[in-house]
Amino acid sequence: MATEQEANESQPLISQSQRERMARFVRKFRSNTKAMLGFSIVVMLVLVAIFAPLIAPYSIEETNIEDRSQAPSVEHPFGTDDLGRDIFSRVVMGSRISLYVGFGAISGALAVGAIIGVVAGYAGGLTDEILMRVMDAAMAFPPVLLALTLLVVLGPELSNVIIALAFVYTPYIARVSRSAALAERNEAYVEAAIARGESDSRIVFSEVFPNCTAPMLVQGSLNISFAILAEASLSFLGLGAQPPKPSWGLMINTGRGFMETAPWMLIFPALAIGIAVVGFNMLGDGLRDVLDPKVEAIE
Amino acid sequence: MYNYVVRRVGFMAVTLFFVTLIAFAVTNILPGDVALLILGPNATEQSLEALQSQLGLNRPLYVQYIDWVVGLIQGNMGESLRFGEPVAQLIAERLPRSLMLAFAATFIAVVLSVPLGVYAAINQNEAPDVTASMFAFVGISMPIFLWGLVFILVFAVWLNLFPTGGYVSPSEDLVGSLTRLALPAGAMGFALTAYIMRMTRSSMLEVLSEEYINLARAKGMSQRVIVLRHALKNAIIPVITVIAFQFSYAFGGVVVLEEVFFWPGIGKLTLTAIQSRDIPLIQGCIVVVALIYMFSNFAADLLYAYFDPRIRYGGDD
Amino acid sequence: MSAHTTATESEQSDGPLLDVRGLKTEFRTDSGPIVASNEVSFSLDRGETMGLVGESGAGKSVTARSVMRLIDSPGEITGGQVVFNGEDLLQKSDAEMRDIRGNRIAMIPQDPMSSLNPVMTVGEQIIETIRRHQDVSKSEARELAIESMDDVGIPDAAERIDDYPHEFSGGMRQRVLVAIGFSCEPDLIIADEPTTALDVTTQAKILDLLNEMQEREGTAVLMITHNLGVVAQTCDHVGVMYAGNLVETAELGDLFARPRHPYTRALIDSIPEVDTDYDELPTLDGAMPDLGSLPSGCNFAPRCPHATEACRTGGDPTLDSVGDTTSRAACIHADSLDLSESTVPEVGVGRSDIDRSGEPLFEVHNLKKYFSAGDGVFGNVHLSFGDGGLPTIERRYVKAVDDVSFDVYPGETVGLVGESGCGKSTVARTALRLLEPTEGEVFFEGQPLHELGSTEVRSLRREMQMIFQDPQSSLNPRKTVGQIVGRAMEKHDIATGEEKRERVGDLLERVGLSRNAASKYPHEFSGGQQQRVAIAHALAVEPKLIVCDEPVSALDVSVQAQILNLLNEIQADENISYLFISHNIGVIRHICDRVAVMYLGKIAEFGNIDDVFSPPFHPYTESLLSAVPHANPNRETDRILLEGSVPSPINPPSGCPFQTRCPKKIGDVCETEFPELEAMDQSGHFISCHLSEAEMSERESFITPPKRTETNAADSD
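Protein chains in written order, with our numbering: chain X, 91 to 389; chain B, 5 to 321; chain G, 2 to 718.
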């Protein structure tokens, strides 16, 4: 009887392999500039949002007519707006809105979209056909437009913005999850599970689902950036956050009118949006590089 | 090919049904009384009831839906509450302007992005690729309306090259029309370029790692022939879908961009409808925009089939 | 020297056509450089064929691609010389190199499906090669292309030249690739596994074509392959590669008769030959080491039965001449070892006879499985245009399995053999109800499986398990081996908790792994080890029947032998039945008691292994058996080459499914009447053919010499 050599026979630690797996992921993640840069930006943003009240030097609502439309200075690094409010403080506090909407909307979309997608991909046939046609139909509406329409009905409130955007981005997550599940469904381990006598629901949630999380994570991360952009657009159009909330989109909308006299009113919130979106995009892109086995083969 | 087209039409019909259903549902089924939305919280009981019966809101939902869809097929989308004009007429007037904007933007984007994407792919991880990728990253990281504002600031306010906004019909004043088109189309094209370039790049990279590219090299083909004859022809096929998607995405962007440039297209119309809670007009607008999305995707499917001989000469075996 | 080397110039130089000296190719990785081709030296004369043979990852493809300088980053040729026609190719400029590729040195790649550009017609792809290297007009090039398509046996070349690759079958595409390779009359063709992706009957045709083209054009061929059978049928001399090193070079006859490297011996021995009866295949322990972590001494030492301390510590041996022979071997004991005798105890007692007096364990009656053609719900809806009238809508079906019956007795192995697309895997899946049968009856221990509800089927799964072709795919990458194997026990209430852990450990040892394998993830194992885990998973529920779907096809020969032995051993211990699916006739011959030969969804022939491999033959079985390349250069088989390719199962031929390609077709009766399976004798040998028994018995048995005749003397006549 032939025995194959085992690489490491030494310590039979239960979690060793899991830890190795994690360690390998971390190593690859660290060596990926894009992923690391994106990750750093996102961490920074989250920290800023958490400690925003400590960082912001001024009140964000108190107006001060004497100080209005001041150019950036030592006292007001980003200048002040038309009502004399400190733009730096408002941009810092605004990060809370963007992240709140971004994370909130995409968590919702992930929760619903991932299940729809995995079930459709695994079930195939008519179930898949109908679910995907519905998703196609939902994706036929431009995201901002659909969110706007929903907000008309729901009312222009931040929590409704989250609901609307969650609805809008669900099909995108569903689509990605479906193709992941479809690919997994053709793997022999699924057939092995059927041959073992497992029920469909166990196969979907215990066998297939865990293998589809990587593309979901990537798509989720990218969609957070879309959601942040969409929130800015909605607020810009007046149907998102309402004044005096320090939403970046809203600040740009106000800043538009002072483009020539006080461009800082527009530049800093715009930069903030750019940085946040770049951060999540880079994280998503980097994650894709790190998690995609195809890319691994090229390295 | 024939079967492929027939099947696509079938898909589209099913999707179309769901599109109308969603458009109808978001404005009618979600919590919130349409009549109350229109009249505001101070409306009296009578006026509410009057409006409800005027709009037919007191009928069962499915009757309302069928009514609405039948009207839609006949080209009758009801009457705008705000303008007092037929919705179809309002849309027909503004749609061409938006189409003009979206076409121009897509054209600019395609002309810029495909060569850039190819160039980035064949110089993978080298300076041109990194630069182009960074440019693409910045491109997609800013909301479209922001690009609009930046373009206004730079080209209209500082350089004074173009007017800041407005619309002139090309039949009245071609030059004036084009100068007013330049900035919004440029801003939108700029944002779209980023997406299409990224897609072209990754599609090219995938194709360049295919076996047939290896064989072409083993046949002694030059790099130029390999890239242009062997790789691009394959890589462009998925890009077509992305271009179609971006064209319709441009349509989503016009809502905001038309607001920025005072461009009286369907986006501005939708926004007006939304701000004045003009439900029939909102429904009409979003269905039309969704239709445009679906038709541009259908066109992409046809192009896809045309460019891919496996479909063109497949199907009818 | 002009950039364009003309044929007359190149023929002037003396010495070998190709002389590779100390060629070294490395790949940069995160954990340091990996040497994929380590100081490889060999030479090749004009018109000669050299085989480069080895298991996957041995470095044979890298070596071949290095000769053409087609190594991509992160790979790099770091040393040596490639002297071609007296000139070192490594010193050439890129432009000069491009003039040589496709012109003086051409390549025939492995995979016909992905090696042709899907958006260019085959004509364009041949013509561009010709125009790249020859100064001819477009129309002349087209004429030349049609001619070269004719040469490689593509029918109606003039019409087919404007077709796209997807309109050709796999075998025809491979012919196109051969045509491209020979289009500029090169001095050297590098054929990189040119038949690996093809079925055995197609492979035979392509190998014949290559031999014929080579003789006609006087081209030298470097044949890269893992298949010693292919080597034996095509090569003049051979190089054997192992873990990046060339470990032996020899004349073809010498290599098989007197191998000089222990690895060569082991490689030859581990192939289950069609004509030999084994009890147990001789095996090599373990698998080829990872190129990133090579052992310190001889790379082969850890697996070598002859290894001494000097082998393990003495560094990597160089390739030296062995005595005064023409062979060279990289083994410090090459001079003293005599490896001319096979280590195979060929004469076995044969397998134990199966008792078929009782009830069969598993019975399949008239099983049918039709798939709708195309994807999705409406994928099979097809519009057809009748007589110019309105198009009519029809639903089309692929008849993957069409009326198949067989049975399996306890402790027996029944094989299903056939080429890709014949429906053998579908039979297994449908019989187990992993797919819903379209029609037919399946009984397991007398229970009607086809009538059971899904819950009952699920509990019956305990008795019937399955092992898959790709072990990596069949193990969930997110679960540990312990979870995978243990889950099966839990599911069927066999064991839980500590007891389960105990039993998982026992089972892993049983399949030749260590107990602590339970805490590892599948990706930490080699392919052979993964297949052992899959076997443990199947055994966990103590089944009575295991369906093995090509369980060794994805494995290298030395590992394949280990797995086959393991399966045989388990069967002997547990009296399990196997339904064994394979395209590899040698494997089938080795492991099965009875076999069904399938063609286009139907069984062509069924019976005991010895009966099926001896006359009378179904014409398809006969051509299939004749097409197998034997790993024995002295054995000449008179091959029957089949015309055309397998018809589409959407529109199968009328009458006998094989009539469109049958070399023994009688006439109308074959086209109109389906030949029912007919018993040839009392031993349960069935053939579906209109021919008379005498007509099917023209050829002698493929089994030489017959080791055992349990059937009566009458059939072996």
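Glycine included, C-beta positions come from ideal geometry on N, C-alpha and C.
Item: is_contact[threonine 93(X), chain G] using C-beta, thresh 8 Å; Value: Low confidence applies here, because threonine 93(X) scores a pLDDT of 37, under 50, leaving its location unreliable; read the following figure in that light. True, the Cβ-Cβ gap to chain G drops below 8 Å.
Item: Contiguous alpha helix (DSSP H) assignments of at least 4 residues, all confined to the stretch 158-184 of chain G; Value: 158-161 and 171-183
Item: Per-residue burial, threonine 250(G) [other beta carbons within 10 Å of its own, 16 or more giving buried]; Value: buried
Item: Meets three-Cβ-pair contact criterion under 8 Å: the stretch 68-78 of chain B and the stretch 157-167 of chain B; Value: no
Item: Within 7 Å of chain G by C-beta, residues of the stretch 154-184 of chain B in sequence order; Value: none
Item: Per-residue DSSP class, three states only, for phenylalanine 614(G); Value: coil
Item: Neighbourhood of isoleucine 191(G) by C-beta, 6 Å cutoff - its chain only, sequence neighbours within 5 removed; Value: Ala65, Met108 and Leu223
Item: Within chain X, the residues that threonine 3(B) reaches when beta carbons sit closer than 7 Å; Value: Beyond the ends of chain B as shown, which are 5 and 321, falls residue 3(B); an answer cannot be given.
Item: Listed by chain order, chain G residues near proline 300(X) by CB distance under 7 Å; Value: Arg479
Item: Of the residues Ser297(G), Ile468(G) and Arg22(G), the one placed nearest aspartate 89(G), counting alpha carbons only; Value: Arg22(G)
Item: Cβ-based contacts, 8 Å cut-off: residues of the stretch 285-296 of chain X near chain G; Value: Ala285, Arg286, Gly287, Glu288 and Ser289
Item: Distance cut-off 7 Å: proline 449(G) Cβ against heavy atoms of the ligand SAH; Value: Because no ligand of any kind appears in the structure shown, any question about the ligand SAH cannot be addressed here.
Item: Residue-chain proximity (serine 226(B), chain G), Cβ-Cβ < 8 Å; Value: yes
Item: Isoleucine 721(G) - containing alpha helix (DSSP H), residue span; Value: Examination of residue 721(G) is not possible in this model, given that chain G is present from 2 through 718 alone.
Item: Rounded distance between the beta-carbons of glycine 288(B) and methionine 81(B), thought under 8 Å; Value: 4 Å
Item: Close beta carbons around arginine 430(G), own chain, < 6 Å, minus the five adjacent residues each side; Value: Leu436
Item: Per-residue contacts from glutamate 252(G) into chain B (C-beta, under 7 Å); Value: Within 7 Å Cβ-Cβ: nothing; glutamate 252(G) doesn't reach chain B, min ~29 Å.
Item: Contact between the stretch 499-519 of chain G and the stretch 531-540 of chain G (3+ Cβ pairs under 8 Å); Value: yes
Item: Assigned secondary structure, cysteine 549(G) (DSSP; H/G/I helix, E/B strand, else coil); Value: strand
Item: Extent of the continuous alpha helix (DSSP H) run through asparagine 39(G); Value: No alpha helix (DSSP H) holds asparagine 39(G); the beta strand (DSSP E) holding it covers 35-45.
Item: In DSSP terms, what valine 54(G) is bridged to; Value: Thr226(G) and Val241(G)
Item: Proximity to alanine 304(X) [Cα-Cα], best of Thr351(X), Ala271(X), Leu244(X) and Leu327(X); Value: Ala271(X)
Item: Neighbour-count burial assignment, histidine 524(G), 16 or more Cβ in a 10 Å radius; Value: exposed
Item: Rounded separation between asparagine 154(X) and glycine 174(X) - CA only; Value: 5 Å
Item: Proximity winner among Thr50(G), Glu186(G), Asp317(G) and Pro411(G), relative to lysine 545(G) (alpha-carbon distances); Value: Pro411(G)
Item: Residues that DSSP places opposite methionine 599(G) in a beta bridge; Value: Ile604(G)
Item: Residue-chain proximity (alanine 204(X), chain G), Cβ-Cβ < 8 Å; Value: no
Item: Where aspartate 354(G) falls, given that 16 or more other Cβ within 10 Å makes a residue buried; Value: exposed
Item: Under 7 Å by beta carbon: chain G residues contacting glutamate 165(X); Value: Per Cβ cutoff of 7 Å: no residues; glutamate 165(X) is ~50 Å from chain G at best.
Item: Through-space distance from serine 170(G) to valine 443(G), alpha-carbon basis; Value: 34 Å
Item: Those runs of the alpha helix (DSSP H) which lie wholly inside the stretch 214-292 of chain X and span at least 4 residues; Value: 215-229, 233-244, 248-275 and 278-286
Item: Any C-beta of chain G under 8 Å from that of leucine 20(B); Value: no
Item: Closer than 8 Å to chain X by CB, arginine 281(B); Value: yes
Item: Serine 74(G) versus Val13(B), Asn127(B), Pro284(B) and Phe249(B), residue with shortest Cα-Cα distance; Value: Asn127(B)
Item: Sufficient close CB pairs (3 or more, under 8 Å) joining the stretch 238-246 of chain B to the stretch 205-213 of chain X; Value: no
Item: Cβ-Cβ distance between valine 415(G) and aspartate 550(G) below 8 Å; Value: no
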